[in-house]
Amino acid sequence: MTETQTRELARPPFWRDIRVLRIVGQVLAVLVVFLVGRWLFSNLIDNLNRVNISTSFDFLSGPTNFQIPFCGECWVIPFQSRFNPRSPVWEMTVVGIKNTFLAGFFGVILASVVGVIVGISRLSENWLVARLATLYVEIFRNIPPLVIIIFFGFAVFTFGPFPILAESWELKVPGTDDNFLMINNDRWGIPGVSQVGEALVFFIVLLVVLIVAILIWRWRTRVFEQIGEPHHRVLWFIGVVVVGLVVAYLVSGAPFAMSWPELTENRRNISGGFQMNWGFMALTVALGLYTASHIGEIIRGSILAVDHGQSEAANALALNAFQRYRFVVLPQSMRIAVPPTINQYLNLVKNTSLGTAVSYAEITALTKTSIGNGRPAVQSIIIMMAVYLSFSLIISLILNIINRRIQLVAR
Amino acid sequence: MTTAAPPVNQLTPLEWVRKNLFKNWWSGVLTILLIPLILVLGYRAFLFFFVNGQWEAVQRNLTLFMIGTFDREMEWRIYSQILLFVLAFGIGLGTNSAAVQDRAEDAGLPYERSSVLATVGRMWSLVVFLGILLWFASTDDVGGLLNPFLLIGAAVAVLLVGFQAFRFPRRLRSAGWLLTATFLVLGFQVVSGFDVGGWLPLGLTYGIAAYMVAPVGRFEAGWLRIVMRLVAAVAVVAVIRTIYALVDSPGIGWDEWSGLHLTLMVSAIAIVLAFPLGLLLALGRRSTLPAVRIMSTMYIEVIRGVPLITLLFMGQFILGFMLPAGTDLSAVSRAIAAMTLFTAAYVAEIVRGGLQALPRGQTEAGQALGLAPPTIMNRIVLPQALRAVIPAMVGQFISLFKDSSLLFIISIVEFLRVRSLVHTQPDFRAVSIAETLVFVAIGYWAFAFAMSRESQRLERRLRVTR
Amino acid sequence: MEAGVKRINETDPNANGLGGNQGQRQRNRIRVAAYVGRFCQLTFQTDGGEMKRSKLLVAFFAFALILAACSDDGGGDTTVAGGGEGGGTLQAVLDRGELNCGVNETLPGFGEVAEDGSYSGFDIEFCRVVAAGVLGDANAVKYVPLTAEQRFTALQAGEIDVLIRNTTWTATRDGQEGVNFLYTTFYDGQGMMVPASTGFTTLEDLDGANICVLSGTTTELNLTAVFNARGIAFNPVVFEDNNQLRPAYEEEQCEGWTSDASQLGSWKFTIESEGGADQTIMSEIFSKEPLGPAVADGDTEWAQVVNWSVMATVQAWEFGLNSGNIGSYSGTDPNILNFIGTDNFDPKLGLPSDFAVQIVEQVGNYPEIYNQFAELAPLDGSVNDLWSNGGLMYVPPYR
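Chains as they are written, first to last, in my numbering: chain A, 2 to 412; chain B, 14 to 479; chain C, 1075 to 1473.
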């Protein structure tokens, strides 16, 4: 009896009971957020109704009514449908997403390459190289990306050394009349692939090949772990994919052909190949270089963070400079560098939203134009934010996967 | 602590060149390749800056770049603001160096007070920018109330006067900080106006301060002390409120600011507003209450997942409809709101990093002493964590400062958009495009570079003291 | 730190050995000093040293300061316009004593900003016209620069009272965007400019070409509509403003520049006078662009006020009144006497009876406004001339 009594006595009153307080606190927090959210939302709906603005997403199936820059008849869905001003708004959104992705993708590649070079250069023993790299970093890091983008758009393409479209510089593949590269101040052409037949079979075979290649990768990894035989899994993987591509191509009856860029008859356009317009190039290069200055700093910091003893040990083993970096320093610094670098990738993708400054039709620019042409702003902006969010989520997902893998390596 | 200095290897210039430029064959090749490149680029830059550049567009529009469409008859407000800010900066600098000296003395270490010159030297990029401005200003009579040289002279004088704060006796050290803050507030309000509502910042802080130091020692009873403290606080607040009510001179609200002035102020305002919000979010994300944690995390991740421009669009196109009809915020206010909400998420992550870096032992020690959780947070965790995140916060401020250029896209006349105005004027219709762009880039660069230097220095200092 | 606190606590005023009145004052002074010092000490007392906490305090100051700025009514943030609330804009403007006018600040001839930060331009003048009519002071205007995309949102949300930003009157905007268009101040049409050296004369010559155009405007939609209707392929190159567009055009990144004809005319003049290549504006005008002020739907009183203010400039023109002679009119034409508010004639529009005098004296009549801007095509004989001269400027009688 006494025991129960003590326990009951020890129990504080409910207003000081931590368990109760925790629940009350959470309920209150949720309630406040909910009420504020509901207040904002109901205001929004009321106000929109008051000024007669549609709150539905029906506009997505209505016609776009304007021509997307550098998208005369560009693909909405590769090899399926092409865009024209009568295409519905959702197709415009798809084109915007595609363009955002392209700028982000190539920007990331450029930023990585330049960033690594700059990062290593800053630690170079050559005074000049180190100083130049520092200069580069300090200049690009401290100027707003928007200014850099505008600069590249106008300094390089508008006022730059390149000829106009009709007088493009053409770089031929030796011995043929095919253009390997076409350079002008409007859109550059590089070789691309075009569809000439039914491609469904090709994609199915390709899928199978990819699965096989992944299985082989796993198999090589297992072999390596079990019997220590060198795995060469990258070579295996690439080999299988290449062979698979050839097989798929032949099996499906050659549905694709190489397509070379060339001037159209009226000399106002480039037909064939893969075309990069100046807005795309200015945006990609500007963001690539801007982000590279950040990545360079990350790489430099991560290399410095590797214990000096490691380098000395490598020296003691008589490894040369390249081997020292490749096998001793870089693998360790990578572990430090990867997470912040991917954060920079994320920033780069988000910064592609500045393409509107150089007439590049990414999702933000298109949404802006679309709003200007009378599409409802609220829904358009929600769609745009959702697009960026999914890009970010995908990149974060990749970051997590890579992080986990790096930690496995570190074990 | 006297250690002999390590022997210094004096290299002859030739040895230096061999060691640093031609150490091995590829280093030599790089050097030989780079030297002509540098020469060519340097020559081109020289031509652009001093020979070919048409700088008239910048020169004649210098005031437009600085303060945009700000009412020219109210220019004195900006001048006063600059002087008051410089004064606050000087006092802060003096007090800071004296405070460091105090601590060094307590620890029995030798300390030499840093001079104003050293600080100014660290911000050489700003000095360069100022030099450029003066150069433009001196080659043409820029219509203004005040000679720019006079202004600079006054600023230097004020800075030196402010720096004398280091002469305050030690027990008044903190009064220096109080003065710094006061002049910051006054500097802000000399432009925004000393309206009736403007008493809040000074009144609030002086009130709290008075509450804390009210001389209540002679009262025994606890409640009596509290009453007396409250009386002191209310009295101080009332005095300040009255002063403001008496002055009551409306100024120029931020929706009428523009140019570089707007760029700087908008980023400062947004980071200051974002700080408390970010702090709350960081604590929320580390909370043990799942609901709070989930909501904070969601907010942070969603905001960090979208570009600032989408939030600015939201501010421009949606926010106006989310508030009850009739409350209509100006474009600048909505942009500041968007930038604040955006930055808060990043600040939250920075603060969270600081909290995570703090050893658990600190909290546990507090618990062992039987302190209440809020006390542990206030007295132990936050002071240390926040101190550790100062460099990162400066970094965030730099990035916000650079991001403020996005206001260009939503037609707010900040530093970058002044270019558009200039190139609409009959004399400069789309000519000298590169010149104005380079000028603007140098302006952004000067500020961002100075701040990044400062952040690196803080970082180094924190690492050393740890 | 600890030592510092102790030292101050020890500063006992009685201990300094001074007596009398002077001593009392001295003691008081010391007490005040000690008070301030202790206040600071206590505020910043922390084991981390006083400095860090003090920096926090500075931050706190700044935060509080901004909070206050937000709550500051004078900041102009919380003015009630109630644009779409069904009435009240006129009263709101009168209470505020200032007109919020949505403008374009980067359009040559229509809206630009001079070196001294002052606005000028055809559209700007009409902002001043409305301010002069409503408030009696042409300078009581706050100009709100807006992008093409933002303008209707700004109007609907009540951020601006009137939009005078070379906005084309279209059915969609009138209906869907909730905008009420008023008297057209400028009749324009979309044209196409090409370098004279190309020899192009029709749109068909531009098949497949790059066309430079400003974003978010009806120009962009017209371009698409017209070219598609005629089956002409083209590629738009879209720019935010003209100072980006012009170099792209001059460096031949695009072959044609399409915009309102008035704009093209001024750019042709600018380019040629600065030594650029000769330009041709195609004779074909392929759209109608009536530009005029717009207000939010649902406030008839305000719409009338703006409308009659704007029309007063044309009415004065018709009466032969200008800024020089309207104040000293001594004739007996009853219509003019009504117009200038003699005998306090008041048609209950909500405007003061002398509004026309204020407008014309402070800003001018229509041709006085128009002819200030060399960028606009000559007024005489153009579509913007008075109806009696064969133009379209025709206003209802003021009686």
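Glycine included, each C-beta is placed from N, C-alpha and C at the ideal position.
Residues bridged to residue i by DSSP?
i, result
"S260 of chain A", "A:G193"
"F1255 of chain C", "C:A1368"
"L1173 of chain C", "C:V1215"
"A1283 of chain C", "C:F1308"
"Y1193 of chain C", "C:V1187"
"D1334 of chain C", "C:Q1264"
"T1242 of chain C", "C:L1365"
"S272 of chain A", "A:E263"
Hey, out of the options, whose CA is closest to residue i's CA?
i, options, result
"R269 of chain A", "A:E168, A:S253, A:G310 and A:T292", "A:E168"
"V192 of chain B", "B:L290, B:V99, B:L382 and B:S418", "Note on identity: in this sequence residue 192 of chain B is Leu, with Val being the wrong assignment. Ranking B:L290, B:V99, B:L382 and B:S418 by Cα distance to L192 of chain B puts B:V99 first."
"N44 of chain A", "B:A338, B:I282 and B:A463", "B:A338"
"G108 of chain A", "A:L349, A:Y389 and A:L398", "A:L349"
"T44 of chain B", "A:R132, A:G63, A:R20 and A:C75", "A:R132"
"M464 of chain B", "B:N160, B:G210 and B:M406", "B:M406"
"L1277 of chain C", "C:E1358, C:E1314 and C:E1435", "C:E1358"
"G134 of chain B", "B:L46, B:R474, B:L471 and B:E467", "B:E467"
"V115 of chain A", "A:E126, A:I98, A:A104 and A:V138", "A:V138"
"A249 of chain A", "A:V235, A:L49, A:V206 and A:D59", "A:V206"
"R123 of chain A", "A:M386, A:N344, A:I304 and A:T357", "A:I304"
"R474 of chain B", "B:F428, B:R400 and B:L215", "B:R400"
"N66 of chain A", "C:G1455, C:L1295, C:E1346 and C:N1396", "C:L1295"
"L1168 of chain C", "C:W1341, C:G1265, C:W1376 and C:G1305", "C:W1376"
Go through its chain and collect everything with a Cβ distance to residue i's Cβ below 6 Å, but skip five positions before and after it.
i, result
"N1316 of chain C", "none"
"E1076 of chain C", "Because E1076 of chain C sits at a pLDDT of 41, beneath the cut-off of 50, its placement in the model cannot be relied upon, and the following sentence gives the value as read from the coordinates. Excluding sequence neighbours, E1076 of chain C sits near nothing in its chain."
"V1311 of chain C", "N1284, C1286 and C1328"
"I46 of chain A", "none"
"Y359 of chain B", "Q409"
"Y361 of chain A", "G280, F281 and L284"
In chain order, what residues of the same chain lie with their CB nearer than 8 Å to the CB of residue i, ignoring the 5 residues before and after it?
i, result
"D268 of chain B", "S343, A344, V345 and S346"
"A1270 of chain C", "A1351, D1352, Q1353 and T1354"
"I221 of chain B", "A246"
Can you list, in chain order, the residues of its chain whose CB lies under 7 Å from that of residue i, leaving out five sequence neighbours each side?
i, result
"L97 of chain B", "F196, L199, G200 and V203"
"S393 of chain A", "L347"
"Q311 of chain A", "V329, V330 and Q333"
"G1156 of chain C", "Because G1156 of chain C carries a pLDDT of 40, less than 50, the predicted location of this residue cannot be relied on, and the following value inherits that uncertainty. The residues are G1162, T1163, A1166 and G1232."
- Message: Using a Cβ-Cβ cutoff of 7 Å, what residues of the stretch 454–471 of chain B are near chain A? List them in chain order.
- Response: A454, Y457, W458, A461, F462 and S465
- Quick check: the stretch 398–406 of chain A against the stretch 327–343 of chain A, are there 3 or more CB pairs under 8 Å? yes
- What residues in the stretch 320–343 of chain B bring their beta carbon closer than 8 Å to a beta carbon of chain C? Result list: Q329, F330, G333, F334, A338, G339, T340, D341, L342 and S343.
- If contact means a Cβ-Cβ distance below 8 Å, which residues of the stretch 1260–1294 of chain C contact chain A? For the stretch 1260–1294 of chain C, the beta-carbon criterion of a distance under 8 Å to any beta-carbon of chain A is satisfied by D1281, G1282, A1283, N1284, S1289, G1290, T1291 and E1294.
- Item | Near-chain A residues of the stretch 1310–1327 of chain C - C-beta to any C-beta below 8 Å | From the stretch 1310–1327 of chain C, only P1310, V1311, V1312, F1313, E1314, Q1318, P1321, A1322, E1325, E1326 and Q1327 have a Cβ closer than 8 Å to chain A.
- Please determine if the stretch 159–175 of chain A and the stretch 243–258 of chain A are in contact, where contact requires at least 3 C-beta pairs separated by less than 8 Å. The answer is no - the stretch 243–258 of chain A does not touch the stretch 159–175 of chain A, with fewer than three Cβ pairs under 8 Å.
- With 7 Å as the limit, tell me which residues of the stretch 22–49 of chain A have their beta carbon closer than that to any beta carbon of chain B; keep them in chain order. R23, G26, Q27, A30, V31, V34, L41, N44, L45, N48 and L49
- Task: Please confirm if the stretch 363–376 of chain A is in contact with the stretch 298–312 of chain A, defined as three or more CB-CB distances below 8 Å between the two stretches.
- Result: no
- Taking any Cβ of chain C, which residues in the stretch 61–86 of chain B have a Cβ under 8 Å from it, in chain order? R73, N74, T76, L77, I80, G81, T82, F83, D84 and R85
- Residues in the stretch 157–184 of chain A with C-beta within 9 Å of chain B's C-beta atoms, listed in sequence order? T159 and F160
- Query: For the stretch 1420–1452 of chain C, which residues have a CB atom closer than 7 Å to at least one CB atom of chain A, in sequence order?
  - Reply: none
- Query: According to a CB-to-CB cut-off of less than 7 Å, which residues of the stretch 386–415 of chain B neighbour chain A?
  - Reply: K415
- Message: Under 8 Å: do the stretch 301–321 of chain B and the stretch 352–367 of chain B share three or more Cβ pairs, one atom per stretch?
- Response: yes
- When you check each C-beta in the stretch 1342–1373 of chain C against every C-beta of chain B, which residues fall closer than 8 Å? Cβ contacts with chain B come from T1344 and E1348.
- Task: Closer than 7 Å, Cβ to Cβ, to anything on chain C: give me those residues from the stretch 61–80 of chain A, in chain order.
- Result: N66, F67, Q68, P70, F71 and G73
- Inter-stretch contact at 8 Å, needing at least 3 Cβ pairs: the stretch 68–85 of chain B / the stretch 1181–1198 of chain C: Touching, per the Cβ criterion.
- Message: Under 8 Å, with one C-beta from each stretch per pair, do the stretch 1322–1341 of chain C and the stretch 77–95 of chain A reach the 3-pair mark?
- Response: no
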